[in-house]
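S.K.: Those sequence lines, one after another, are chains A and B.
Quick note, our numbering runs 20 ahead of the 1-based positions in the first sequence.
Quick note, our numbering runs 623 ahead of the 1-based positions in the second sequence.
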Amino acid sequence: MNDLIPLARGLYGIWLREVMRAVRDRGQLIGGVSRPLIWLLILGIGLNPYFRGEVYGEVRFVIPYTYLQFLFPAVIVLNIMYTSILFAVSVIWDREFGFLRAILVSPVPRGLILLGKILGGSTIATAHGGLVLILARFADITLSWSQVGLALLLMFGLSFGLTSFGVILAARVRSFEGFGVFSNTIILPLYFCSSSIFPLDPSLTRAQTAALYPEWLVFLVEINPITYAVDALRGVLINFHQFDPRLGPAVIIGLAVAFFFIAWLDFRRR
Amino acid sequence: MRTPRPIRQSRRWLPGAINILVVAALLFAATFLPPDTSLGEVRRSGTLRVCVPQSAAPLVTGDPAAPGYDIEVLQHLAERLGLRLALNINPAIGRDFNPRNWRLTRAQCAVIAGGVVDSAATRGFLQLLPTGVETGWAAIVPPGEALGPVGTAAVLPGSQGLDRLALSGFLRENGIRTLAARAPGDLVAALETGAADIAISDRFTIATLALDEDARILWLPEPPFARFPLAFGLWKGDLTLRRALRDAMDAMGRDGTLASIAERYGLDGGPEDAADIGELFG
Chain A
21 MNDLIPLARG LYGIWLREVM RAVRDRGQLI GGVSRPLIWL LILGIGLNPY FRGEVYGEVR
81 FVIPYTYLQF LFPAVIVLNI MYTSILFAVS VIWDREFGFL RAILVSPVPR GLILLGKILG
141 GSTIATAHGG LVLILARFAD ITLSWSQVGL ALLLMFGLSF GLTSFGVILA ARVRSFEGFG
201 VFSNTIILPL YFCSSSIFPL DPSLTRAQTA ALYPEWLVFL VEINPITYAV DALRGVLINF
261 HQFDPRLGPA VIIGLAVAFF FIAWLDFRRR
Chain B
624 MRTPRPIRQS RRWLPGAINI LVVAALLFAA TFLPPDTSLG EVRRSGTLRV CVPQSAAPLV
684 TGDPAAPGYD IEVLQHLAER LGLRLALNIN PAIGRDFNPR NWRLTRAQCA VIAGGVVDSA
744 ATRGFLQLLP TGVETGWAAI VPPGEALGPV GTAAVLPGSQ GLDRLALSGF LRENGIRTLA
804 ARAPGDLVAA LETGAADIAI SDRFTIATLA LDEDARILWL PEPPFARFPL AFGLWKGDLT
864 LRRALRDAMD AMGRDGTLAS IAERYGLDGG PEDAADIGEL FG
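(1) Here's a check: name, in chain order, each residue in its chain whose Cβ is nearer than 6 angstroms to the Cβ of Ala761 (chain B), leaving out the five neighbours to either side.
(2) Could you tell me the boundaries of the alpha helix (DSSP H) in which Ile50 (chain A) lies?
(3) Compute the Euclidean distance between the alpha carbons of Gln731 (chain B) and Ser678 (chain B), then round it to the nearest angstrom.
(4) Can you check whether the CB of Pro658 (chain B) is closer than 8 angstroms to the CB of Thr976 (chain B)?
(5) What three-state label does DSSP hand Arg266 (chain A) in the structure shown?
(6) With 8 angstroms as the threshold, decide whether the Cβ of Leu862 (chain B) is near any Cβ in chain A.
(7) Can you give, in chain order, each stretch of the beta strand (DSSP E) that sits fully within the region 148 to 173 of chain A and has at least 3 residues?
(8) Contact criterion: CB-CB distance below 8 angstroms. Does Ser286 (chain A) meet it with respect to chain B?
(9) According to a CB-to-CB cut-off of less than 7 angstroms, which residues of the region 727 to 756 of chain B neighbour chain A?
(10) With a cut-off of 8 angstroms on the beta carbons, I'd call Pro245 (chain A) and Gly255 (chain A) a contact; round off their distance for me.
(11) Contact criterion: CB-CB distance below 8 angstroms. Does Thr143 (chain A) meet it with respect to chain B?
(12) Could you pull out every unbroken alpha helix (DSSP H) segment of at least 4 residues lying fully inside the region 180 to 234 of chain A, listed in chain order?
(13) Looking at the structure shown, is Ile246 (chain A) part of a helix, part of a strand, or coil, going by DSSP?
(14) Is the beta carbon of Ile282 (chain A) closer than 8 angstroms to that of Ile188 (chain A)?
(15) Give the straight-line distance between the Cα atoms of Leu710 (chain B) and Phe793 (chain B), rounded to the nearest whole angstrom.
(16) Taking only three categories from DSSP, how would you classify Leu843 (chain B)?
(17) Does the separation of the CB atoms of Pro766 (chain B) and Asp820 (chain B) fall below 8 angstroms?
(18) Output, in chain order, the set of chain B residues within a Cβ distance shorter than 7 angstroms of Gly125 (chain A).
(19) From Thr247 (chain A) to Ile83 (chain A), what does the alpha carbon distance come to, in whole angstroms?
(20) Between Pro265 (chain A) and chain B, is any beta-carbon pair separated by less than 8 angstroms?
(21) Going by C-alpha distance, which of B:Glu695, B:Gly705, B:Ala647 is nearest Thr670 (chain B)?
(22) Closer than 8 angstroms between beta carbons: that is the criterion. Which residues of the region 67 to 92 of chain A meet it against chain B?
(23) What span of residues does the beta strand (DSSP E) with Phe851 (chain B) cover, start to end?
(24) By Cβ distance, which residues of its chain are closer than 7 angstroms to Arg800 (chain B), with the 5 residues on each side in sequence left out?
(25) Compare the C-alpha of Ala867 (chain B) against each of B:Val665, B:Arg726, B:Phe848, B:Leu649 and name the closest.
(26) Can you give me the C-alpha to C-alpha distance between Ile144 (chain A) and Gly860 (chain B), rounded to a whole angstrom?
(27) Whose CA, out of A:Phe263, A:Gly73, A:Thr103, lies closest to the CA of Ile50 (chain A)?
(28) Can the beta-carbon of Ala804 (chain B) be found closer than 8 angstroms to that of Val778 (chain B)?
(29) In three-state DSSP terms, what is Pro681 (chain B)?
(30) What whole-angstrom Cβ distance do Tyr76 (chain A) and Leu749 (chain B) have, given they're in contact under 8 angstroms?
(31) Which value, in whole angstroms, describes the spacing of the CA atoms of Pro56 (chain A) and Leu98 (chain A)?
(32) Using a Cβ cut-off of 7 angstroms, which residues of the region 839 to 860 of chain B contact any Cβ in chain A, in chain order?
(33) DSSP state of Glu796 (chain B), grouped into three classes?
(34) Is Thr162 (chain A) buried or exposed, if buried means 16 or more other CB atoms sit within 10 Å of its CB?
(35) Please classify Trp858 (chain B): is it buried, with 16 or more other beta-carbons within 10 angstroms of its beta-carbon, or exposed?
(36) Apart from the five residues on each side of it in sequence, which residues of its chain come closer than 7 angstroms, Cβ to Cβ, to Ala249 (chain A)?
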């Protein structure tokens with residue numbers, strides 16, 4: 021037991037450093053606010069007239085919710101994706117400026133150092149996702165405390181997986197500039213191909229869906245793990261699923277475990 | 624030279640906490656921006672236009688003295704929003720199975736009332752504002768009759784658009800003979816003459832009947848028979864109008880206005896719950 025206390029303090033110290041650095045970084049916080057404002061307020065309101073009802077009985081937008089409500093959970097996921105994956109910049113930063121070397125020679129095991137960093141990044145990303153919940157009133161979504169709790173749990177799982185993914189990327193990219201380009205070529209395609217801004221009609225068969233969208237796009241949406249994370253959050257926040265409700269949590273847990281394991285293997289080799 | 628004092632633990636969090644508070648306040652302030660122009664349009668015209676069927680008692684009656692539950696609720700809502708209520712009576716509503724053939728458009732009305740059922744299918748077309756009443760299949764059990772095996776059921780399907788196929792299929796599967804009623808009065812007559820053991824119709828049709836005080840009215844149990852909350856339908860995307868109507872409706876619920884209107888139309892109680900399908904049909 022006495023051996024565990026110093027380890028726990030080490031883990032806490034690394035987590036706290038990441039959290040403090042993020043909350044003091046106004047630029048990062050502004051990013052966390054501007055994304056939901058742009059995506060929900062500008063895009064959501066801008067496209068709302070195109071999806072609104074005009075004739076009773078005619079379907080233009082198949083989802084039994086408004087476009088803003090449909091978009092809302094996806095914007096949370098986008099905020100988490102940016103914060104989690106770009107968190108890895110701190111890993112590059114620590115590597116470049118020697119901080120990583122300093123803590124790697126400390127008595128804290130490497131696995132715990134990695135866990136502390138990833139938990140720190142996940143906390144920040146979850147907070148950025150949670151901030152979007154403040155806009156629920158704007159999208160006309162009423163949330164109970166249990167919904168908020170469950171949503172935060174899913175957000176944390178997703179943040180953990182994506183932060184681990186960011187660390188994996190950071191191990192393979194050597195410069196800040198390279199990471200910026202690389203992350204954008206990953207985040208935006210994953211987001212757009214996750215049925216985040218356009219719905220696949222759950223009442224249609226696969227063949228009917230393929231008649232509406234090109235098969236390659238349906239395929240990209242279906243193999244994208246972010247699709248199921250967005251779907252899980254939609255299930256919790258607006259009680260709407262496009263896929264089997266069990267898939268979302270399963271994919272989130274799978275991502276978290278698999279990416280942390282790969283990140284741990286990479287970190288051990290350092 | 625003075626040594627710097629160590630920063631207290633609580634102070635360490637202060638700059639970060641201030642940053643987070645500023646960001647949260649900014650997002651909260653953004654929620655007060657109107658997401659659309661629907662309420663503004665209605666306020667500019669000064670009129671809340673509502674599409675209703677010619678008759679859907681007790682929600683819409685056509686009687687100026689007691690115009691119906693939905694109409695009275697809407698009158699109060701319009702009044703609270705400082706608007707005039709204008710009814711657009713459309714005889715096509717409910718007549719055709721496909722709502723597209725009712726030809727209701729945004730230009731005709733901002734709200735659709737008079738029996739809009741809150742279901743996933745309806746929510747595909749409209750945003751809904753629950754009115755606090757529900758409908759579904761209900762049964763009248765004559766006074767003194769013990770619940771048990773049913774031989775014949777008098778049935779009046781009504782105009783609510785409930786699942787008639789599910790009801791007729793269930794009755795057939797359980798060997799219950801169906802006596803088709805043509806008017807609400809036929810249900811009472813069938814029970815009084817003993818031609819039927821129970822009478823089945825939608826909840827609202829039964830609410831209009833003059834029944835013996837001791838007669839029991841029971842919901843047909845779910846499953847297999849679903850109950851549906853009723854709602855006002857607003858066009859999808861009209862968030863500001865829905866928000867204003869919802870707030871006014873909540874206020875009406877708090878000050879007892881909704882309850883008093885429901886009481887006036889016999890919608891305050893509603894049928895009893897049967898324990899299960901076996902209790903009702905034996």
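Beta carbons are placed, not taken as given, at the ideal position from N, Cα and C, and that holds for glycine.
From a predicted model like this one, the values you see are computed outputs, not experimental measurements.
M.R.: Let me lay it out:
(1) In chain order, Arg826, Ile829, Ile840, Trp842, Pro894 place their CB closer than 6 angstroms to the CB of Ala761 (chain B), counting only its own chain and leaving out the 5 sequence neighbours on each side.
(2) Element bounds for Ile50 (chain A): 46 to 56.
(3) Using only the alpha carbons, I get a separation of about 18 angstroms.
(4) As shown, chain B starts at 624 and ends at 905. That puts residue 976 (chain B) outside it, with no answer to give.
(5) Arg266 (chain A): coil per DSSP, three-state reduction.
(6) Yes, its Cβ sits closer than 8 angstroms to a Cβ of chain A.
(7) Listed in chain order, nothing qualifies, since the region 148 to 173 of chain A has no complete beta strand (DSSP E) run of 3 or more residues.
(8) It is worth fixing the name first, because residue 286 (chain A) is Asp in this sequence and not Ser. Chain B contact via Cβ: absent.
(9) Those residues of the region 727 to 756 of chain B that come within reach of chain A (Cβ to Cβ, closer than 7 angstroms) are Leu727, Thr728, Arg729, Ile735, Ala743, Arg746, Gly747, Phe748, Leu749, Gln750.
(10) About 16 angstroms separates the two Cβ atoms, so there is no contact after all.
(11) With its beta carbon at least 8 angstroms from every one in chain B, Thr143 (chain A) lies outside the interface.
(12) Counting only unbroken stretches of 4 or more residues, the alpha helix (DSSP H) elements lying wholly within the region 180 to 234 of chain A are 196 to 212, 226 to 232, in sequence order.
(13) If DSSP states are grouped into helix, strand and coil, Ile246 (chain A) belongs with the helices.
(14) Less than 8 angstroms divides the Cβ of Ile188 (chain A) from the Cβ of Ile282 (chain A).
(15) Linking Leu710 (chain B) to Phe793 (chain B) through their CA atoms gives a straight-line distance of about 39 angstroms.
(16) The answer is coil: DSSP assigns Leu843 (chain B) none of H, G, I, E or B.
(17) No Cβ-Cβ contact shorter than 8 angstroms links Pro766 (chain B) with Asp820 (chain B).
(18) The sequence shown places Val at residue 125 (chain A), rather than the Gly named in the question. Counting only Cβ-Cβ distances below 7 angstroms, Val125 (chain A) has no contacts in chain B at all, with the closest Cβ about 26 angstroms away.
(19) Each residue's CA atom was taken as its position, placing Thr247 (chain A) and Ile83 (chain A) some 16 angstroms apart.
(20) Not closer than 8 angstroms to any Cβ of chain B, the Cβ of Pro265 (chain A) fails to qualify, so no.
(21) Measuring from the Cα of Thr670 (chain B), the nearest candidate turns out to be B:Gly705.
(22) Cβ contacts with chain B come from Asn68, Pro69, Phe71, Arg72, Gly73, Glu74, Val75, Tyr76, Gly77, Glu78, Val79, Phe81, Val82, Ile83, Pro84, Tyr85, Thr86, Tyr87, Leu88.
(23) For Phe851 (chain B), the uninterrupted beta strand (DSSP E) segment begins and ends at 850 to 858.
(24) Hits under 7 angstroms: Gly774, Thr775.
(25) When only C-alpha atoms are compared, the closest one is B:Val665.
(26) The alpha-carbon atoms of Ile144 (chain A) and Gly860 (chain B) are separated by roughly 33 angstroms.
(27) Checking every option, the nearest Cα to that of Ile50 (chain A) belongs to A:Thr103.
(28) Cβ atoms of Ala804 (chain B) and Val778 (chain B): closer than 8 angstroms.
(29) In this structure, DSSP gives Pro681 (chain B) a state outside helix and strand, which the three-state scheme calls coil.
(30) Contact holds; Cβ gap of about 7 angstroms.
(31) Straight-line Cα distance between these residues: approximately 8 angstroms.
(32) Going along the region 839 to 860 of chain B in chain order, one finds Trp858, Lys859, Gly860 with a Cβ nearer than 7 angstroms to chain A.
(33) Three-state result, Glu796 (chain B): helix.
(34) Exposed, because fewer than 16 other Cβ atoms sit within 10 Å of the Cβ of Thr162 (chain A).
(35) Buried, because 16 or more other Cβ atoms sit within 10 Å of the Cβ of Trp858 (chain B).
(36) Same-chain partners within the cutoff: Val97, Leu178, Gly268, Val271, Ile272.
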